[in-house]
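The listed protein sequences correspond, in order, to chains A and B. All the letters of the first sequence, read from the start, carry residue numbers 1 to 622 under full-length UniProt numbering. All the letters of the second sequence, read from the start, carry residue numbers 1 to 622 under full-length UniProt numbering. All C-beta atoms in this analysis are idealised placements derived from N, C-alpha and C, irrespective of residue type, glycine included. Predicted model only: the values in this text are computed from it and were never measured. Reviewing the structure listed below.
Number of protein chains: 2
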Amino acid sequence: MNAAQEIQNREAFRHAVVNTLERRLFYIPSFKIYRGVAGLYDYGPPGCAVKSNVLAFWRQHFVLEESMLEVDCPCVTPEVVLKASGHVDKFTDLMVKDEKTGTCYRADHLLKDYCKDKLEKDPNLSAVKAAELSHVLAILDDLSSDELGAKIKGYGITAPDTKNSLSDPYPFNLMFQTSIGPSGVSPGYMRPETAQGIFVNFKDLYYYNGNKLPFAAAQIGQAFRNEISPRQGLLRVREFTLAEIEHFVDPDDKSHPKFSEVSTLEFFMFPREDQVSGRAARRIHIGEAVAAGIVNNETLGYFIGRVYLFLTQLGIDKDRLRFRQHLANEMAHYAADCWDAEIECSYGWIECVGIADRSAYDLRAHTDKSGVALVAHEKFAEPREVQKLVITPVKKELGLAFKGSQKMVVEALEAMEEKEAMELKATLEAKGEAEFRVCTLDKDVTIKSNMVLISKEKKKEHQRVFTPSVIEPSFGIGRIIYCLYEHSFYTRPGRDGGDEQLNVFGFPPIVAPIKCTVFPLVQNQQYEEVAKRIAKSLAAVGITYKIDITGTSIGKRYARTDELGVPLAITVDTATTVTIRERDSKQQIRINVDEVASVVKEFTDGVSTWGDVLWKYPTHSS
Amino acid sequence: MNAAQEIQNREAFRHAVVNTLERRLFYIPSFKIYRGVAGLYDYGPPGCAVKSNVLAFWRQHFVLEESMLEVDCPCVTPEVVLKASGHVDKFTDLMVKDEKTGTCYRADHLLKDYCKDKLEKDPNLSAVKAAELSHVLAILDDLSSDELGAKIKGYGITAPDTKNSLSDPYPFNLMFQTSIGPSGVSPGYMRPETAQGIFVNFKDLYYYNGNKLPFAAAQIGQAFRNEISPRQGLLRVREFTLAEIEHFVDPDDKSHPKFSEVSTLEFFMFPREDQVSGRAARRIHIGEAVAAGIVNNETLGYFIGRVYLFLTQLGIDKDRLRFRQHLANEMAHYAADCWDAEIECSYGWIECVGIADRSAYDLRAHTDKSGVALVAHEKFAEPREVQKLVITPVKKELGLAFKGSQKMVVEALEAMEEKEAMELKATLEAKGEAEFRVCTLDKDVTIKSNMVLISKEKKKEHQRVFTPSVIEPSFGIGRIIYCLYEHSFYTRPGRDGGDEQLNVFGFPPIVAPIKCTVFPLVQNQQYEEVAKRIAKSLAAVGITYKIDITGTSIGKRYARTDELGVPLAITVDTATTVTIRERDSKQQIRINVDEVASVVKEFTDGVSTWGDVLWKYPTHSS
């Protein structure tokens, strides 16, 4: 199959999936009756149930099993917080405007489309030109605003709709801005991630955890990005649900007590070096990846393993899942290491979970801006002796020498780092005086040896005070769900043997939006009453079900609910027993009405497999 | 106890509750390290768990047991939707500004504070004046902007902080405004309620439900109100979680098939007439209230009953819960009836759930604005014969008579309602001509009998097309949780017999943030391992627990977790058996380690009561 055919197949497959999803209301373009808003989608009833199930499993797998501290912070966030985090200044995309109509485009998208289009469709493209365009695609994310502008001008790229010329690129902040309170003087933003709500609460959470490290806090909630021009359907949207973990750890000890529980897992990893040297992703034991230093530390490795388990238990195909390490140019300067869980779908490899060691960056940024020390303490069993720098300005002499400027000179002397102070001390001892820069006065002053005492003293310390590192697994819930839809979808021939293909979502029971259906075989009052009694017993134990008492044929009713991914169908065909049919195998068993709720519950809770059920109740051929 | 004492007691009680809530991180003022933002709060770990539990129970009690269609729509909403719903024009509070500093205040709050203050603290107040101020308080919500301004001026009310004079009142829209996309030409708002997302999806949801009425859709999500000056702590906030139900029903048949399941419930109701005549709320059977016409219809009554069950099962005290009917002046003009579930707490009676019959208002508003018919169809078993008005303008004659204005005259004739048309017909038959108002021309014209044919014809109709009514129970989740905190809180003497009082949150197991604790009695490796094994078995069945292996005394560990409302404490004091202590009774039982998870699960799931547990395992005295 050539590349063009493959693209066509992928698009046909996507079309079939998306068509089923929209027709069965897994999702709905938001505000559809008003022609919608790009990048906003509703979860309809089955989609909403899938989302609830994914989040419930996330809570079980991470919050409960790892004893995390879950919090829930507002979306509305005052500017000062996002100024400290860097979002106000740096959370931007470069945008160009149609110079006549004012329509906005993402600058990198236009350049990318131009290059791809030329490469795919221009038969006269020279080898040199093709190599140049491929190079542009490779370095696209590294281009500065000026470089991007120059390329757009250089290639003569114009506005796609009007062919008008374009403005120079300029940064557009992706946060939705608003104003808090009636005065109009308190700018705020809708949070672009949930993490900041956790960071600003570090002090309280550390206290809640008994002032002990490591611990993790978690948050599930909405986040917002005012995309310039949303693309890729459900994958790039303006409002989405994030589930984020901030695991706080001693930077000197990033071991993890439960690492051995995941260390033997093997899955596709794509280390930085393999990417740079053009190799493919390969299966690696996570234990070996950590031992070999490919993954920076045990805690990061532990979370990669836990994310692998989470995604595959949800129903993500392990052969279309890889952990890709960020290249040096993708990673923030402060990050120690970063891996994305990428899932392959018809759009290509999609980043669904980011797992980053962000070092102490966030806590330091909020400490600096707020003045509240977001630090941890390690109490020593025995006090330790340390050498401490002591700087004592002699205020009387400094006052005589500098009069009104005395305060600034004193502060500058006290603010010296160890190296600078020891050099000053040496100069004063050698020459009796030294030139000294006072930034706040913007000039050098002459310091004499009687103006300041500098020494190193031995002190006893009872504890170590440090800023914890944070390891952050961040889950894009909507993206995971979309990939899950593609990985779960398949078709099979209809019953009548014709060309008809039936759609099936083969969701695992924990994900399935509805756990079972209840069908009276034929329309009759007795069966209907049995069906209602079963429905009530299912609701009582928390099982979602769909009851269908229409006279439609059983085959059609199966087909309808296979399309919703319902794993079990209960058909009432006697007053005392029913058949249960499993969606993927289409095998059936017969059991008593009174046993239905417990059998369904054990299967859908994952306590028993369909194999276990078959072992207990022999198959039944209808 | 006099009124002042009662207020003092209430405030002391509230202080004790809020102090415990903040100290144990049930909630945290958001962005505290930056001095916070009024009206924004975080749920800390136990608060977040309580919220999850309340929402899970809401889903079980409403969505699952009533087979509702749950949806999940974005918070960002384009202006057109909120223009149609009326929020852009009418979702306002009246505000006054300090004329020098620009500080904003809610006009009604200032007037209310002034009246209350005078009534409570001015010993020289005349009886006449007191009566006047009491009257102002009673009619406060009905005052227009001008009336409010006149009273503020008349009483000489100034800015509370500066004593500067105040501006006239003017409306301030309470929605957080933002802009969608980069162009700045698409205004949007953060939704003030979740309901609109459901209304705009009516057509799809009706189809999903097999084009059948009645059905209900539900949504849980964040909503936003940019309050002018938030007060009352957790009760009036700028961002909050709503859980809303929109039950769509045939306006001609508001019966409910399951009404008999709630009709014998009896609880405090406060009908409109009792409020007006100064009587107190009284216990009424909901069945009788519907039969007597106090509650407008069965469906409304059914939901009132279900809300009563929901709140009391959560732990709300039934004696501090009442359903208050809206007075005529509180209710929107289109509403058929409206009842608030009000819960009494230290702030007084707080509206926590609104249950309104909103008639066809919302669907009609969106039909008008979007042009998409949000209607239901009732197919008749047999076609029905109906009389239909037929108006046929004779275009030739009208063209001759009105030339360029013909089109407007034709449209005006066709738009006539039945009554107007039949009157015109009678006049034309009697006099041969008639004066006829054409609004679009802004004048009367003379219509002659040859210009229009008006008749009634018999037609066969196969279906009835109508706009459904909607009954909306809307839950303020944060308010319910706050009231639950107050209703669950109590103190008891400490173990040492001194003055120390221990705080307890007596949450029902389904609400409790942590279901049980695991304590090794003394610090030893064997007990610690047993504790960890128990913890693992609890996590596996989804039970939240807290393990405490510090050497703190058991009494202190009990006290710490009573304050978090943990219902069961497991103490490991042998290698094979443990004691389990129940929080409120302080009774203990002894069971085998292997039985722990199942006993705790049955109790916390509500399958067995503590009484059941005691019956099976005799109490143990420690």
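Residue i, DSSP secondary structure in three states
i, result
"Glu227 of chain B", "coil"
"Gly476 of chain B", "strand"
"Thr544 of chain A", "coil"
"Ala218 of chain B", "strand"
"Leu242 of chain A", "strand"
"Met95 of chain A", "strand"
"Asn297 of chain A", "coil"
"Ala291 of chain B", "helix"
"Ser455 of chain A", "strand"
"Arg533 of chain B", "helix"
"Ile304 of chain B", "helix"
"Phe402 of chain B", "helix"
"Glu66 of chain B", "coil"
"Gly86 of chain B", "coil"
"Tyr558 of chain A", "helix"
"Glu11 of chain B", "helix"
"Lys100 of chain A", "coil"
Span of the beta strand (DSSP E), counted from its first residue to its last, around residue i
i, result
"Leu69 of chain A", "69-71"
"Ala569 of chain B", "568-572"
"Cys75 of chain A", "Per DSSP, Cys75 of chain A belongs to no beta strand (DSSP E) and is neither H nor E."
"Glu344 of chain A", "337-345"
"Tyr27 of chain B", "27-29"
"Gly354 of chain B", "348-357"
"Thr392 of chain A", "376-393"
"Asp108 of chain A", "Counting along the chain, Asp108 of chain A falls outside any beta strand (DSSP E), though it belongs to the alpha helix (DSSP H) covering 107-121."
Candidates the options, of which the one nearest residue i by Cα
i, options, result
"Lys456 of chain A", "A:Ala328, A:Leu484, A:Val470, A:Glu423", "A:Glu423"
"Thr241 of chain A", "B:Gln222, B:Asp252, B:Ser255", "B:Gln222"
"Pro251 of chain B", "B:Lys556, B:Ile28, B:Asn296", "B:Asn296"
"Tyr485 of chain A", "A:Ala426, A:Arg464, A:Cys345", "A:Cys345"
"Ile580 of chain A", "A:Tyr482, A:Pro618, A:Leu143", "A:Pro618"
"Phe507 of chain B", "B:Lys448, B:Asp584, B:Gln5, B:Gly188", "B:Asp584"
"Pro520 of chain B", "B:Phe402, B:Ile554, B:Leu140", "B:Ile554"
"residue 636 of chain A", "A:Pro29, A:Gly47, A:Arg14", "The question about residue 636 of chain A has no answer, for chain A in this structure spans 1 to 622."
"Glu79 of chain B", "B:Tyr334, B:Val375, B:Gln196", "B:Gln196"
"Lys458 of chain A", "A:Glu529, A:Val386, A:Ala430, A:Gly476", "A:Val386"
Nonlocal neighbours in the same chain, by C-beta distance under 6 Å from residue i, ignoring five residues either side
i, result
"Leu133 of chain A", "Cys115, Lys118, Leu119"
"Val290 of chain B", "Glu298, Gly301"
"Val96 of chain A", "Tyr105, Ala107, Leu166, Ser167, Pro169"
Limits of the unbroken alpha helix (DSSP H) element including residue i
i, result
"Ser165 of chain B", "From DSSP, Ser165 of chain B is part of no alpha helix (DSSP H); its letter is neither H nor E."
"Cys439 of chain B", "Run containing Cys439 of chain B: none; DSSP gives neither H nor E here."
"Val37 of chain A", "Here Val37 of chain A belongs to no alpha helix (DSSP H), and DSSP marks it neither H nor E."
"Tyr206 of chain B", "202-208"
Proximal residues to residue i (C-beta, below 7 Å), its chain only, five neighbours per side dropped
i, result
"Ile7 of chain A", "none"
"Ile350 of chain B", "Leu235, Glu342, Ile343, Arg479, Cys483"
"Asn211 of chain A", "His377"
"Tyr527 of chain A", "Pro520, Leu521, Val572"
Cutoff 8 Å; reference residue i; Cβ partners in own chain excluding five residues on either side
i, result
"Asn53 of chain A", "Ile510, Val511, Ala512, Pro513"
"Leu69 of chain A", "Leu205, Tyr208, Asn209, Phe215, Ala216, Ala217, Ala218"
key: Against chain A: residues of the region 340-373 of chain B by CB proximity under 7 Å   = His366, Ser370, Val372
query = Residues in the region 75-103 of chain A with C-beta within 8 Å of chain B's C-beta atoms, listed in sequence order?
reply = Cβ contacts with chain B: Cys75, Val76, Thr77, Pro78, Val80, Val81, Met95, Gly102, Thr103.
Cβ-based contacts, 7 Å cut-off: residues of the region 531-543 of chain A near chain B = Ala539, Gly542
message = For the region 39-51 of chain B, list every residue whose C-beta sits within 8 Å of some C-beta in chain A, in sequence order.
response = Leu40, Tyr41, Asp42, Tyr43, Gly44, Pro45, Gly47, Cys48, Ala49, Lys51
query = Using a Cβ cut-off of 8 Å, which residues of the region 493-521 of chain B contact any Cβ in chain A, in chain order?
reply = none
query = For the region 443-467 of chain A, which residues have a beta carbon sitting closer than 8 Å to at least one beta carbon of chain B?
reply = none
query = Going along the region 61-74 of chain B in order, which residues come within less than 7 Å of chain A, judged by CB to CB distance?
reply = Contact residues of the region 61-74 of chain B toward chain A are Leu64, Glu65, Leu69, Glu70, Val71, Asp72, Cys73, Pro74 (C-beta to C-beta distance below 7 Å).
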